[in-house]
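Residue numbers (our numbering), protein chains in the order written: chain F, 88 to 276; chain X, 21 to 638; chain E, 13 to 308; chain C, 196 to 366. From the three backbone atoms N, C-alpha and C, an ideal C-beta is built for every residue, glycine too. Below you'll find the structure, written out as structure tokens, and then a few comments.
Next up, the structure:
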């Protein structure tokens, strides 16, 4: 807690708060969920970075998508992402959410997850080890510092594009759009 | 402003509104409201006057007298105000029902007869008004036919038992003292033998315990409350059931006087100990049974029985503090039970008579005023600081602890915590949670229902923050009974063994709320969101199936349901069944053949001769 | 002087509450053989939560949380902390008892409004558990009040100053033991953490609490820890001459509670009720009878 | 021995081929309409447990082959006790153009989800099945995905690839 740390805290408490208290909600989609228990328990303690698993998306600001995303799970992921309070970050585990990975030609999995929800960080590897997860967390810190972890802002501004992609995949969606769709259209036009 | 004029206005208003109903129905409702409000206003002018005037001589040489003192004025004021509010409430509630003239006649008659009881100066008029009250209530309870007839029958039978025991008590008084005038009796009776006093207490006690629903005699109350029309429930639960309390006060403190009443009977089995222990048992047992109810009005009925126990605990120990607590709790309970029944009535009015707690929900979005009324009602019922219930319970607990009865205080406190559980269940099942599909378009309660709710909510907060106003009046009642007065400040009781200062609590709560509100305002504004957008692990919310009400305190039910069944109700039913069998057996005798009857006569004669020969009785 | 106390007491309580939360997580981590977050982690969490834009389900949802935190703050004014006790003269023990139930009642109302069955199940468990530990707690408090024949907690503390601690005095020894047995239930920590079970009912009534609501709820949880332990220290360990000693006594009691918390798994609500209504209630009643016998 | 079961089967049913290649597995192939009676016979004979209902797509001779796998619970009061624990694989052929078959829920109630899955992934219609609604897939497919003529790579190209990536538009 040296001097410039305190100055940083005083200048931007919200940003520092987000850095050192990432309450994570992890979506046990694919095979990545096996990596999360060792991360949060004694062997590799994630709590020293302030990362704690929480029960509901309302209380979280970090969304971990661990492993391949099937079409049916994507609905739940979109709904969970939209239920999180606004400064939120998402991290994709492993190669499957990046480009479909091993299931690149399967009819039932999503190939690029960031077509449907904005992703702030990727962790490569076909199920990354816990050390890779901590590298991701520290990398996320630098992103937050440099204001590049702006997934939620991109979701807000390009919402009509994301919504269009989602409707193109699912046809008509059960839940109403999160942000009103009209103002984006004339904002761009 | 003589008393006869008051009673004429009361009874005349009832009859006239019935006539108006026959002639032209539109005038009847406003006339009923005007007459009851006028009654309340005239009652206010009666403050502090104590006068006595006989109004009828021809009754077997006994003068029927009307008198008023502080106690009578206190109860009369409560009756008239609650009666007026109930009439305003029932304006919209019974508008499109049949037999509304009959309903208004009976409602106003019940109010008028309660006023009569309170102003009665002698026992004959007391008994006459008591009977008018009983049968007008019976007719109103069985107003909507069906199951209500059974509930009304149970009520009228028990009140007749009470009236008869009271009648015997009066006859014994008349036989010994030759007069039924309360003022003279209160001078003569204290010198009577303690055996006779106990006999009087038991007789009058049965009548007033039935009316006040003390534990073994409470079985009529839950059904009566559940089946009677909700607008009448306010009057029935507010002051009508508390006429029993007025009766206890009359007997213990006016007729017999506190000195003799409080050490009647050997050592531990003093009369007021037994009364207090009955009150304590009533609190605990009825609170836990109230937890198990799934019908809103049954739940409120059982809670009314429980609160009756607090009042008995208050007046059982003849200290000025306890008496003040008991009387103040009678008034507070009347205020918030009427408010709760009105909110249930408003919900029933809008949802087509629905009162089953498991099929309601989320009505706060559609009926906010009823929610606020219900919320303040249950906070009064629980006794949350800054509501009137807290002050009266504080007084009662203080007497119990300082008098050295910790187990009674423990029973009362457990009653409060059980009360929290069923109060929250009441509010949660009706107003919180998911709004079902069929109630999405429910409108607000009409203004004529919202007005009484708002008035009563303000009264709860006013008496909670400034309890000095009612406590001064109650203090004068206490001194009229001969107790040394409490020094009552406008915001509580100041005494060396622990003062109550509600203004400090009020200021602290307001300051804390302001600070927390400012902290909350510092953060970003919260986005309002519909009830469908709630956490369900990413799944869609199923319509009408995402609301948890059935078996709300399930683990608690399993633990307490074997012990807290309604034993006395069950016992009464078994008793009824047993008597029916016995009578059925006896009926077999009348077979209709002449030969059998002749045989019975001959046998009986033979029996007589045998007895005469053996023991030669004659 | 009283104004300073009125402002100082809640701030002190807030600091101690937050410190206790941070300490709890650190000690739990060390028991799990992990390094654990810095002590100031709850403060960081609160700052981060205040910067998040959360969701509200209606006015009652918002007002319920505010009301429950306000009532916890008000309750601190009634609890003597060493010599600081601003509002002790306006109601005494009964006001403490009743204001203590306001905080869970506020959370219950706002949780109910959240239209989520997880919240409703959490609240029904919380109220059932409250009824569970109130039975022994009321008997204990009544025993203390009848023993010292007073209603105000300041008198109880001053009486304990000149005579011995209540816990070590013969009549109230059993009541003290009963209080220790139900302390985890009052604080809402591990063996009785049924109401905010993150795994079973996704943190109970707090399922819909977002940014600033969750911040207020964590502050309120910290205050709850403070209130539960302060009540025990005042009633049974003789309060304290000055705040530092009072804080030390609270620290000892809290660490003891933490060790119980770390060792035991979470009970089911039936087991908790059966436990609460059996041993602590028995000991509390025996304590009460002893007090009555000595009083005669 | 399972040979006694083999003779009994061949005795009771007309054209039924019972091959017992290894010890613990007996392959029975019957006609379409004999399936229910064989299943009943086997169930009364001790094969209470229906392990799986699956389907093989013989695209060359244009037929689906339904496979029912049965195994016996190891009570000793039935003839086929633990010594000769044999699983039975019952096969029938149905046409591929209009894949119709009757449901076996009256015999084995636990076949309901298996048949639902076959309906969704192979397009076989089971009359008498209470609810043939989608079980696993979110979208609807022109050709049921498990059929051999369903080309996954072409489907991926057609569905997933032409959903535009959001970022390119912004730059």
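Not a single C-beta of chain F is nearer than 8 Å to the C-beta of residue 543 of chain X. Taking the CA atoms as reference points, residue 375 of chain X sits about 20 Å from residue 111 of chain X. Taking a C-beta distance under 8 Å as the contact criterion, residue 14 of chain E and residue 98 of chain E qualify as a contact pair.
Chain-ordered listing is empty here: chain E has no CB closer than 9 Å to the CB of residue 234 of chain F, the nearest sitting near 14 Å.
In the displayed model, residue 272 of chain E falls within a helix according to three-state DSSP.
As the crow flies, the alpha-carbon of residue 350 of chain C is around 20 Å from that of residue 314 of chain C. The alpha-carbon of residue 239 of chain F is positioned some 26 Å away from that of residue 135 of chain F.
For residue 341 of chain C, the three-state secondary structure derived from DSSP is coil. Think of a sphere of 8 Å around the beta carbon of residue 347 of chain C: the chain F residues whose beta carbon falls inside it are 192, 193, 194, in chain order.
Within the stretch 295 to 358 of chain X, the alpha helix (DSSP H) runs of at least 4 residues that lie entirely inside it are, in chain order, 316 to 336. With contacts defined by Cβ atoms closer than 8 Å, residue 156 of chain X and residue 140 of chain X do not form a contacting pair. Residue 569 of chain X sits in coil when the DSSP states are folded into three classes, being neither helix nor strand.
Within chain F, 202, 252, 255, 256 have C-beta atoms less than 8 Å from the C-beta of residue 358 of chain C, given in sequence order.
Per DSSP, the continuous alpha helix (DSSP H) segment holding residue 255 of chain F begins and ends at 246 to 257. At a beta-carbon threshold of 9 Å, none of the residues of chain X lie near residue 271 of chain E; the nearest stands roughly 27 Å away. Between residue 93 of chain E and chain X, the shortest Cβ-Cβ separation is not below 8 Å. When DSSP states are grouped into helix, strand and coil, residue 34 of chain X belongs to the helix group. Taking 8 Å as the CB threshold, residue 226 of chain E lines the interface with chain F. Residue 617 of chain X is bridged by DSSP to nothing; it lacks a bridge partner. Contacts between residue 92 of chain F and chain E, judged by CB atoms closer than 7 Å, are missing: the closest CB pair is about 12 Å apart. With a threshold of 8 Å between beta carbons, residue 263 of chain C makes no contact with chain F. Residue 124 of chain X: member of the alpha helix (DSSP H) spanning 120 to 139, first to last residue. Using a 10 angstroms sphere on the CB of residue 69 of chain X, the tally of other CB atoms stays under 16, which defines it as exposed.
With contacts defined by Cβ atoms closer than 8 Å, residue 333 of chain C and residue 324 of chain C do not form a contacting pair.
Here residue 370 of chain X is buried: its Cβ has 16 or more other Cβ atoms, across all protein chains shown, within 10 Å. Segment contact: the stretch 389 to 403 of chain X against the stretch 269 to 279 of chain X, fewer than three CB-CB distances shorter than 8 Å; contact not assigned. The alpha carbon of residue 118 of chain F has as its nearest neighbour, out of F:213, F:268, F:254, the alpha carbon of F:213.
A Cβ-Cβ contact shorter than 8 Å links residue 316 of chain C with residue 339 of chain C.
Residue 258 of chain X places its beta carbon 8 Å or farther from that of residue 491 of chain X. Excluding sequence positions up to five before and after residue 561 of chain X, its CB lies within less than 6 Å of the CB of 552, all in the same chain and listed in chain order. When the five nearest sequence neighbours on each side are left out, the beta carbons in the same chain lying within less than 6 Å of the beta carbon of residue 123 of chain F are those of 113, in order along the chain. Against chain F, a Cβ distance below 8 Å from residue 350 of chain C picks out 194. At a cut-off of 8 Å between C-beta atoms, residue 234 of chain C does not count as an interface residue with respect to chain F. For the stretch 93 to 112 of chain F, the residues whose beta carbon sits under 7 Å from a beta carbon of chain E are, in order, 100, 101, 104, 105, 107, 108. DSSP places residue 72 of chain X inside the beta strand (DSSP E), whose first and last residues are 71 to 79.
Listed in chain order, the alpha helix (DSSP H) runs fully inside the stretch 178 to 241 of chain F are 182 to 186, 217 to 232, counting runs of at least 4 residues.
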